[in-house]
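Visitor: Every position in the sequence shown, counted from 1, becomes a number in the working numbering once 848 is added. My questions will all concern the structure given below.
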Amino acid sequence: MDISGIDPHTSTLHLKLPGSSEKIGLALELQSLTSDACQKVVEENQAAYAEAREKHGEIPKETYEEGGLKLYAATIVGWTWEKDASWGGEQLKFTKANVMKVLSKDFILRQVTEAANEQKRFFAKYAKGS
């Protein structure tokens, strides 16, 4: 195996009804937390944390939460609406604002967080038997 060619790829996350394995009809395409886009958000967050620490003497909880939300939003690079799934009666276009709107649902944010932190899903095509 040529190790130099091992890089993370995107992975599809089929969102599920909380506490169930039932798909809800929205599939998110995720990129690795190690991607350039996500690393840029990490750097922006670090700058925001340093600024908040300087201004407030500590980093407010809201600043951490906002940084985390921005980071997990950056992992989402696309989506596909399936079946009759909708958000407020419409299948939202993929935009940064709509990503933030969808992530406002705690159960969705939890699934994205869990999937984004599962490194093996972004390298699955390299595993034997794939």
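C-beta: ideal position from N, C-alpha, C; glycine also.
If you draw a straight line from the alpha carbon of Lys-918 to that of Gln-967, how long is it in whole angstroms?
Guide: 19 Å
Visitor: Between the alpha carbons of Ser-852 and Lys-973, how many angstroms are there, rounded?
Guide: 15 Å
Visitor: Is there contact here, the region 929-946 with the region 896-909, by at least three beta-carbon pairs under 8 Å?
Guide: In short, these stretches do not touch, since the Cβ pair count stays below three.
Visitor: Going by alpha carbons, who is nearest to His-857 out of Arg-958, Lys-864, Ser-883?
Guide: Ser-883
Visitor: Please state whether DSSP places Thr-943 in a helix, a strand or coil.
Guide: coil
Visitor: According to DSSP, simplified to helix, strand and coil, what is Glu-938?
Guide: strand
Visitor: Bridge partners of Glu-877, per DSSP?
Guide: Thr-860, Gly-926, per the DSSP bridge assignment.
Visitor: Whose C-beta lies closer than 8 Å to the C-beta of Cys-886 among residues of the same chain, with five residues either side of it excluded?
Guide: Closer than 8 Å at Cβ, skipping near neighbours: Gln-879, Ser-880, Leu-919, Ala-922, Thr-923.
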